[in-house]
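Chains as they are written, first to last, in the working numbering: chain A, 141 to 227; chain B, -1 to 408.
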Amino acid sequence: MAKLRLPTVLRPLADGSAVVEVEAADLAALASEIRRRYPALADRLYDGDGAWRDFVSVFVDGEDARYLDRTAPIRGEVQLLPAISGG
Amino acid sequence: MSRYHLRCRGCHAVYPADDKHTCPECLGPLEVAYTLPQRGLRAVIEQGPRSLWRYAPLLPVDDVPDEPVGLTPLIHAKRLGRELGLDALYLKNDTVNPSFSFKDRVVALAAQKAKEFGHDTLACASTGNLAGAVAAAAARHGLRAVVFVPSSIEPAKLVAPLAYGATLIEVDGTYDEVNRLVAQVAEERRWAFANFTLRPYYVEGSKTLLFEVAEQLGWRLPDALVIPIASGAMYVNTGKAARELVEHGLVAPHKLRIFGAQPAGCAPVADAFASGADRYTPVRTPSTIAHSLAIGAPADGNAALALARATDASIVASDDDAIRDAIGLVARTEGVFVEPAGGTTVAGLVQLARSGAFARDAVVVAYLTGNGFKTPDAVDTSTATRVRIAPRLDAFDAAVPDRQPVGAHS
């Protein structure tokens, strides 16, 4: 069981939860799980090809998902954030 | 009707100008848009305060603080220009802001909005200069400051926030890791995060550099700008500033080429420009003396790429040796001591000038954004003249022989 941590702006699409428990061993399974349980959230996160939308930042156990492929294992937590600004 | 509102850069949805930074529809970043062009602004600006607040009609604030930020010198760099074959080279010397970097401009906007929105704490993620600027502005405004920095930045940049009374959070990680941590903290704490939750307003402060340059040139746009790129926010908002100057009738339309400069040890945008890519590839582990430009995943990197191409310009990278040489060059020719970010800009300027990017009579302006006294370790003094002597005249004469006798001087 992994934890999916959501930013404030996305919480209304997951019944108001800040953290959701998900049965997902990798990013591909996570996408299926989100699609099944929270379709509106899935539409906000993924484009028609199943890729992350432009303004979503995703970290898997602290690793930027841009450096990972979809079969990379999820050990503990996936953090979603709006487009990282800063600098 | 409000003079300004927020608009999503991704889906263009429009929102009231409140304490919000992310589009709830597409998660895109929000930016400030202005409702109507204003006319007759030149006279208003010219009679305004001797600070960036003279441009308040072009900024998203409801009140104007009395604060000595901005309106920094525009130097006609004749000696450096001669070395580079440029007759109209100018340096925008932003090293002389209150906390000695251009970050005082963006923080001026953020601190004012923090007060307007009723916050009592101003926070940021910083590569160093922003931490100092946030801490100094918080002190001026009577706010609490909490600043997050990589623990690896220059010692002077760690000391300054403490002197201004900030809480300093040193994070063992890269700037991008600090950034991510602060993005998480910003979800949990109801503070004003200058470069996150207040970002739509914060970035507007970057525009004031070009507003000042245009006014200092006699209300006209230069032919070319050379600007350092870290997150790309200043670069992208310089394009916005140019559009607004024209829309408000403050300057005549003019082709402005906006060049970017990055350090080779962290050059995701310059690398993407060189390869013809539309999107940059993040740099996971930056390695450069230009710590203040060491952002491996710049928030506005892709927008910066598009702007460089749209303005018929380019984004170049320079290695650390070239950056050190450039710090020395601008110090020796113009008497301005810059930190490595400024060295990166001058190194980029040198590279561009020597490759023939500019006509000899082109009006070229380079932004010097941070002060070298913060980063003395970056200076190469190996070839400098330096002697140590006993406190006696004969020792001095022996060390520095003068071939001209006293009285021969005119």
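Using N, Cα and C, we set each Cβ at its ideal position, and we do this for glycine too. A quick note: this is a predicted structure, and the numbers were derived from the prediction, not measured.
Going by C-alpha distance, which of the options is nearest residue i?
i      : options                           : result
B/R277 : B/C9, B/D319, B/F335 and B/L303   : B/L303
B/F194 : B/I313, B/A231 and B/A86          : B/A231
B/I325 : B/V377, B/A297, B/A357 and B/D359 : B/V377
A/P179 : A/D201, A/R145 and A/L150         : A/L150
A/D155 : A/A164, A/L181, A/S172 and A/M141 : A/L181
B/G126 : B/F115, B/L156, B/A136 and B/A135 : B/L156
B/G294 : B/A301, B/Q260 and B/D170         : B/Q260
B/L84  : B/T172, B/G299 and B/L347         : B/L347
B/K205 : B/W51, B/A154 and B/D375          : B/W51
B/L87  : B/V385, B/G370 and B/V363         : B/V363
B/W217 : B/R5, B/P35 and B/L39             : B/L39
B/I167 : B/F191, B/A306, B/V105 and B/S149 : B/S149
B/L366 : B/G340, B/A388, B/R358 and B/A351 : B/G340
B/G299 : B/S285, B/A154 and B/C264         : B/C264
B/A158 : B/P96, B/R37, B/E81 and B/D61     : B/P96
B/A15  : B/L219, B/D174, B/A54 and B/P58   : B/P58
A/T211 : A/S172, A/P152 and A/D194         : A/S172
B/P63  : B/R48, B/A270, B/F335 and B/V201  : B/R48
B/H252 : B/A270, B/T383 and B/A222         : B/A222
B/V336 : B/G354, B/A288 and B/I387         : B/A288
A/A205 : A/L170, A/D189 and A/G188         : A/L170
A/R176 : A/D189, A/V162 and A/D166         : A/V162
B/T343 : B/P71, B/T172 and B/G258          : B/G258
For my contact list, residue i and residue j are in at a C-beta cut-off of 8 Å; report their separation, rounded to the angstrom.
i      : j      : result
B/P338 : B/T373 : 6 Å
B/A262 : B/S312 : That belief does not hold up - the Cβ atoms of B/A262 and B/S312 are roughly 15 Å apart, past 8 Å.
B/L208 : B/A240 : 6 Å
B/V144 : B/T165 : 5 Å
B/A137 : B/A109 : B/A137 to B/A109, Cβ: 10 Å. No contact.
A/A164 : A/L146 : That pair is no contact at about 14 Å.
Below 9 Å on C-beta distance, what does residue i contact in chain A?
i      : result
B/T119 : Within chain A, no residue comes near B/T119; the closest Cβ sits about 17 Å away, beyond 9 Å.
B/L280 : First, the amino acid is wrong: residue 280 of chain B is Pro here, not Leu. Per Cβ cutoff of 9 Å: D204, R206 and Y207.
B/Q110 : By Cβ distance, chain A contributes nothing, its closest Cβ being about 19 Å from B/Q110, past 9 Å.
B/R178 : S197, F199, G202, D204, Q219, L221, I224 and G226
B/E29  : Simply none; closest approach about 11 Å.
Mind checking residue i: buried by the 16 CB within 10 Å criterion, or exposed?
i      : result
B/D92  : buried
B/R401 : exposed
B/E152 : buried
B/C24  : buried
B/T283 : exposed
B/T236 : buried
B/A463 : The requested residue 463 of chain B is not part of the displayed model; chain B covers only -1 to 408.
B/S124 : buried
A/A207 : According to the sequence provided, residue 207 of chain A is Tyr. The question's Ala does not apply to it. Looking at its Cβ environment, which holds fewer than 16 other Cβ atoms inside 10 Å, A/Y207 is exposed.
B/S0   : exposed
B/C413 : The displayed coordinates of chain B run from -1 to 408. Any statement about residue 413 of chain B would go beyond what the structure contains.
B/E186 : exposed
B/D395 : exposed
B/S408 : With a pLDDT of 47 at B/S408, under the threshold of 50, the modelled position of that residue is not reliable, and no figure is offered here.
B/F115 : exposed
B/R45  : Position check: residue 45 of chain B holds Gln in this sequence, whereas Arg was assumed. With fewer than 16 Cβ atoms within 10 Å of its Cβ, B/Q45 is classed as exposed.
B/T20  : buried
A/L221 : buried
B/G370 : buried
A/S197 : buried
B/I321 : buried
B/T379 : exposed
B/G368 : buried
B/E213 : buried
B/V30  : buried
B/V398 : exposed
B/D61  : exposed
B/L89  : buried
B/R5   : buried
Which residues in chain B sit within 7 Å of residue i, going by Cβ to Cβ distance?
i      : result
A/P222 : T20 and L25
A/V149 : T20, P22 and L25
Name the chain A residues whose beta carbon is nearer than 8 Å to that of residue i?
i     : result
B/G8  : D194 and F195
B/Q36 : Here the premise fails: no neighbours, minimum Cβ distance about 28 Å.
Taking Cβ-Cβ distances shorter than 7 Å, what residues in chain A pair up with residue i?
i      : result
B/E332 : In chain order: nothing, as chain A lies at least about 27 Å away.
B/E185 : P147 and T148
By the criterion of Cβ-Cβ separation under 8 Å, what are the contact partners of residue i in chain B?
i      : result
A/R215 : Chain B residues near A/R215: none, gap ~18 Å exceeds 8 Å.
What does residue i reach in chain B if we use C-beta pairs closer than 9 Å?
i      : result
A/R176 : Result: empty, since nearest Cβ-Cβ is about 21 Å, beyond 9 Å.
A/R210 : Under the 9 Å cutoff, chain B gives no residues; its nearest Cβ is about 18 Å from A/R210.
Three Cβ pairs or more, each shorter than 8 Å: is that satisfied between the segment 265 to 285 of chain B and the segment 241 to 248 of chain B?
No: fewer than three Cβ pairs fall under 8 Å.
Can you find at least 3 beta carbon pairs, one from the segment 87 to 102 of chain B and one from the segment 128 to 137 of chain B, that sit closer than 8 Å?
The segment 87 to 102 of chain B is in contact with the segment 128 to 137 of chain B.
Assess, as a yes-or-no matter, whether the segment 73 to 81 of chain B is touched by the segment 218 to 229 of chain B under the definition of 3 or more beta carbon pairs within less than 8 Å.
No, the segment 218 to 229 of chain B is not in contact with the segment 73 to 81 of chain B.
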